[in-house]
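What follows is a single structure, written as structure tokens, with notes after it.
In mature numbering (1 follows the signal peptide of the UniProt record, and there is no 0), the protein residues as written are -21 to -1, 1 to 253.
This is the structure we're talking about:
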């Protein structure tokens, strides 16, 4: 089961095609530029083969054709309902370096706007599934991440409430999950709940989460514990000498900065998801 992504040379052409096995029933968000219905033509002319007076023959070029496995995620704990989260997961992975932490950091206003609209669209789409009494852990985590990103992009207080609610429900299901503890710790500490957030970040850090350690340093900075933050980051740097991000975070603190996640990351290629 695969999803084919095609970049077309002509603007406003279709951005992606999908091919799925007919035997699997699932739901997926409607993505911009994606074929969702069968297109048939009865008497239409093929302009690539038939010339029309005063109309030049169109030239279409395909590039960057990529076939990726479709990700089907159980929507409920019984696994009787599936969601196609392929492009949703791709969006989360692509935008997280820029908006997983606050404040967000984008190369330009256009990219930030596009990320905001996509985050809102996908958050709203998955919300009914995450709100269901039997929502699966995987759906809750995706909803929490999407709403957390929307929150950081100042999309509105509703997204902040959703993000907290979903990750707390996920933690009730799996209290020791590293990612869930990390995510909730980030939300709390970067929202001003430093002491409460530290409990979850400590739990994730104890299980080896490097990002949790970095987030603890960020929390120290925001509570006027610069020396503690710098010491933590330098220990991480010594243990991870090839990690360019940590090295940059050390420089930020040494230069008097307070937001260690404010590091330029222009390697982002957002697509129009709505």
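Every residue gets a Cβ at the ideal spot worked out from N, C-alpha and C, and that includes glycine.
Buried or exposed (CB count within 10 angstroms, at least 16 for buried), residue i
i           : result
residue 32  : exposed
residue 41  : exposed
residue 338 : Any answer about residue 338 is impossible in this case: the structure gives the chain only from -21 up to 253.
residue 214 : exposed
residue 47  : exposed
residue 221 : exposed
residue 101 : buried
residue 131 : buried
residue 234 : exposed
residue 206 : exposed
residue 87  : exposed
residue 36  : exposed
residue 155 : exposed
residue 29  : exposed
residue 237 : exposed
residue 34  : exposed
residue 43  : exposed
residue -8  : Low local confidence applies: a pLDDT of 33 at residue -8 is under 50, so the model's placement there is unreliable, with the coordinate-based value given in what follows. Answer is exposed; the Cβ neighbour count stays below 16.
residue 78  : buried
residue 230 : exposed
Close-in-space but distant-in-sequence residues of the same chain around residue i (CB under 6 Å, 5 per side omitted)
i           : result
residue 148 : 119
residue 240 : 80
residue 7   : 63
residue 129 : 98, 99, 102 and 138
residue 52  : 62, 64 and 117
residue 150 : 159
residue 228 : 212 and 239
Boundaries of the alpha helix (DSSP H) in which residue i is found, first to last residue
i           : result
residue 169 : 157 to 169
residue 125 : 116 to 131
residue 111 : Neither: residue 111 is in no alpha helix (DSSP H) and is coded neither H nor E.
residue 144 : 136 to 152
Cβ of residue i within 8 Å of any chain C Cβ
i           : result
residue 113 : Absent here is chain C; the protein component of the structure consists of one chain.
Strand pairing of residue i, partner residues [DSSP]
i         : result
residue 6 : 62
Cβ shell of residue i (< 8 Å), same chain only, five flanking positions each side left out
i           : result
residue 161 : 179, 180, 183, 188, 190, 191 and 194
residue 177 : 164, 168, 195 and 198
residue -10 : Confidence at residue -10 is low in this model, with a pLDDT of 30, below 50, so its placement is unreliable and the value that follows should be read with caution. Result list for residue -10: empty, nothing under 8 Å.
residue 1   : Low confidence applies here, because residue 1 scores a pLDDT of 44, under 50, leaving its location unreliable; read the following figure in that light. Excluding sequence neighbours, residue 1 sits near nothing in its chain.
Beta-carbon contacts of residue i that lie in its chain and below 7 Å, excluding the five residues immediately before and after
i           : result
residue 226 : 216
residue 56  : 113 and 115
residue 111 : 55
*alpha helix (DSSP H) runs wholly inside the region 173 to 237, at least 4 long, in chain order*: 173 to 185, 189 to 201, 205 to 218 and 223 to 233
*Which full runs of the beta strand (DSSP E) of 3+ residues lie inside the region 23 to 104, going along the chain?*
41 to 48, 51 to 53 and 61 to 63
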